[in-house]
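Undergrad: One structure is given below, represented as structure tokens, and several questions about it will come after.
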Amino acid sequence: MRNKTLFALLAVMALLALAACTSATPTAAPEKTEAPAEVTEAPQATEAPATEEGQLPDLGGKHITVAVENAYPPFNFIDEASGEAKGWDYDTVNEICKRINCVPEFKEAAWDGIFPAMQAGEYDLLADGVTITDERAKIVDFSIPYVTIGQVLLVRADETGTVEDFKANDDKLVGTQTGTTNQIVAEKNFANERISTYDDFGTAIVALLNGDVDGVVIDNVTASGFMNENPGKLKILGQLTSDEQLGFVFPPGSELKDAVNAALESMKADGTLDALNKKWGLTK
């Protein structure tokens, strides 16, 4: 019994010693582990589409009404062979609308009363080789100039002498279109009793060819247009003025003006306007 007791006692003491040794060994704290951080990029800032420098306005396919006479070559006229409306105005306005995303609807309109009609907003744009003047600018808005022209005296091909000879001969009669700067130039160079005015230049040219008048005061570009339509029958006797700037016409305060001006500037920059002016004889 004593031996068993002693053995049991020794066994208990051994277990206590082992436990003491085990508890004396420091236990390392587990390393701190973190879930791998999810890599995310900050969202890029989004901005409203900015208008780049030189970018043209976008009218979103807007339809615009464009007044023309269809009797003012080479700006606008009806081709007799095809019956189609043609001219610088058609080509240029179509190119402008191509650039600023609009749809032109050309409307034939008489020259007489066109400025009050534009002032009242009956049309969005007037394309008719219109001279920019301070007086007109009081009731309508103008685009930037697209060409500079001069006024000439257009006569029959068999006319002799000079412009000064023509002026000095009181028997020589002249015609021009009512309400135009051509009429103003005619009145500066000829007595009123020598001047006949017509609703359009086509009628004035017919009067010239028929001998009802001996000359027509007209701009040099349109004179060339009528000469092309009547080969060998007409000629330019001489220049009367040389400093008239032409532009498109808008109702006062029109938002369309800035867009058209931007298109014209881009056409100047890339040579398109110059090419159109040369094609239709506005410049050489």
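Here the sequence shown stands for residues 365 to 648, where the numbers follow this note's numbering. Cβ atoms here follow ideal geometry from the backbone N, Cα and C, with glycine treated the same way.
#1: Closer than 7 Å by C-beta to glycine 596: which residues in its own chain qualify, once you throw out the five before and the five after it? Chain order, please.
#2: Between which two residues does the alpha helix (DSSP H) harbouring serine 588 extend?
#3: Using C-beta distances below 7 Å, list every residue in its chain close to alanine 650, excluding the 5 sequence neighbours before and after it, in chain order.
#4: Between the C-alpha atoms of tryptophan 452 and tyrosine 510, what's the straight-line distance to the nearest angstrom?
#5: DSSP on aspartate 566, reduced to helix/strand/coil?
#6: Going along the chain, which unbroken runs of the alpha helix (DSSP H) with 4 or more residues stay wholly within the stretch 465-521?
#7: Whole angstroms are fine: how far does the CA of valine 585 sit from the CA of glutamate 499?
#8: Hey, is tyrosine 454 close to the ligand HEM, as in C-beta under 6 Å from one of its heavy atoms?
#9: With distances taken Cα to Cα, identify the nearest neighbour of aspartate 488 among Ala550, Asp634, Val624.
#10: Can you give me the start and stop residues for the beta strand (DSSP E) that valine 430 sits inside?
#11: For leucine 572 and phenylalanine 506, what's the separation of their Cα atoms in angstroms?
#12: So, at 6 Å on beta carbons, what are the nonlocal neighbours of alanine 473 in its own chain, with the 5 sequence-adjacent residues on each side left out?
#13: Which of the three DSSP states, helix, strand or coil, is assigned to asparagine 440?
#14: Just the Cα atoms here: how many angstroms apart are lysine 450 and isoleucine 600?
#15: Identify which residue in Pro438, Leu423, His427 has its Cα closest to the Cα of glutamate 651.
#16: Check threonine 605 in the structure and name its three-state DSSP category.
#17: What do you reckon, are the CB atoms on glutamine 515 and leucine 646 nearer than 7 Å?
#18: Quick one: what does DSSP say alanine 435 is sitting in, helix, strand or coil?
#19: Who are leucine 598's beta bridge partners in DSSP?
#20: Determine the extent of the alpha helix (DSSP H) in which threonine 636 is found, giving its start and end residues.
#21: Among Asp583, Lys552, Phe554, Val538, which has the Cα closest to the Cα of tyrosine 562?
#22: Quick one: is glycine 477 buried, meaning 16 or more other Cβ sit within 10 Å of its Cβ, or exposed?
#23: Assuming threonine 524 and leucine 640 make a contact with CB atoms under 8 Å, what is their CB distance in whole Å?
#24: Between the C-alpha atoms of threonine 526 and glycine 602, what's the straight-line distance to the nearest angstrom?
TA: To lay it out plainly:
#1: As a working mapping, residue 596 is identified with position 232 in the sequence shown. Taken in chain order, the residues that qualify are Ala521.
#2: Along the sequence shown, read from residue 1 onward, the residue named residue 588 stands at position 224. Element bounds for serine 588: 584-593.
#3: The structure shown does not extend to residue 650, since the chain is modelled only from 365 through 648, so no value can be given for it.
#4: Looking up residue 452 in the sequence shown gives position 88. Looking up residue 510 in the sequence shown gives position 146. Roughly 11 Å between the two C-alpha positions.
#5: In the sequence shown, the residue the question calls residue 566 occupies position 202. Checking the sequence, you will find glycine at residue 566 rather than aspartate. DSSP places glycine 566 in helix when its eight states are reduced to three.
#6: 478-483
#7: Here residue 499 refers to the residue found at position 135 of the sequence shown. Here residue 585 refers to the residue found at position 221 of the sequence shown. Going by the C-alpha atoms only, they are around 23 Å apart.
#8: The ligand HEM is not part of the structure shown, which contains no ligands of any sort.
#9: In the sequence shown, residue 488 corresponds to position 124, counting from 1. Among Ala550, Asp634, Val624, the Cα nearest to that of aspartate 488 belongs to Val624.
#10: Numbered from 1 along the sequence shown, position 66 holds the residue referred to as residue 430. 426-432 is the extent of the beta strand (DSSP E) around valine 430.
#11: Looking up residue 572 in the sequence shown gives position 208. Looking up residue 506 in the sequence shown gives position 142. Cα to Cα, leucine 572 sits roughly 32 Å from phenylalanine 506.
#12: By 1-based counting over the sequence shown, the position of residue 473 is 109. Result list for alanine 473: Ala431, in chain order.
#13: The sequence position of residue 440 within the sequence shown is 76, counting from 1. In this structure, asparagine 440 counts as strand in the three-state DSSP scheme.
#14: In the sequence shown, counting from the first residue as 1, residue 450 sits at position 86. In the sequence shown, counting from the first residue as 1, residue 600 sits at position 236. Taking the straight line from one Cα to the other gives about 24 Å.
#15: Missing from the structure shown is residue 651; the chain here goes from 365 to 648 and no further.
#16: In the sequence shown, residue 605 corresponds to position 241, counting from 1. Looking at threonine 605 - three-state DSSP - the assignment turns out to be coil, as it is neither helix nor strand.
#17: Here residue 515 is taken as the residue at index 151 of the sequence shown, counted from 1. Here residue 646 is taken as the residue at index 282 of the sequence shown, counted from 1. Cβ atoms of glutamine 515 and leucine 646: not closer than 7 Å.
#18: Looking up residue 435 in the sequence shown gives position 71. Of the three classes helix, strand and coil, the one that applies to alanine 435 here is strand, per DSSP.
#19: Sequence index remark: in the sequence shown, residue 598 carries index 234 (1-based). Residue pairing of leucine 598 in beta bridges, as defined by DSSP: Arg520.
#20: One-based indexing of the sequence shown puts residue 636 at position 272. Segment 636-643, the alpha helix (DSSP H) holding threonine 636.
#21: To locate residue 562, count along the sequence shown from 1; it is residue 198. For tyrosine 562, the nearest C-alpha among the options comes from Val538.
#22: Here residue 477 is taken as the residue at index 113 of the sequence shown, counted from 1. The residue in question, glycine 477, is exposed, as its Cβ has fewer than 16 Cβ neighbours within 10 Å.
#23: The residue labelled residue 524 in the question sits at position 160 within the sequence shown. The residue labelled residue 640 in the question sits at position 276 within the sequence shown. Not quite, the Cβ-Cβ distance comes to about 36 Å (not below 8 Å), so this is no contact.
#24: Taking the sequence shown and counting its residues from 1, one reaches residue 526 at position 162. Taking the sequence shown and counting its residues from 1, one reaches residue 602 at position 238. Their Cα atoms are separated by approximately 7 Å.
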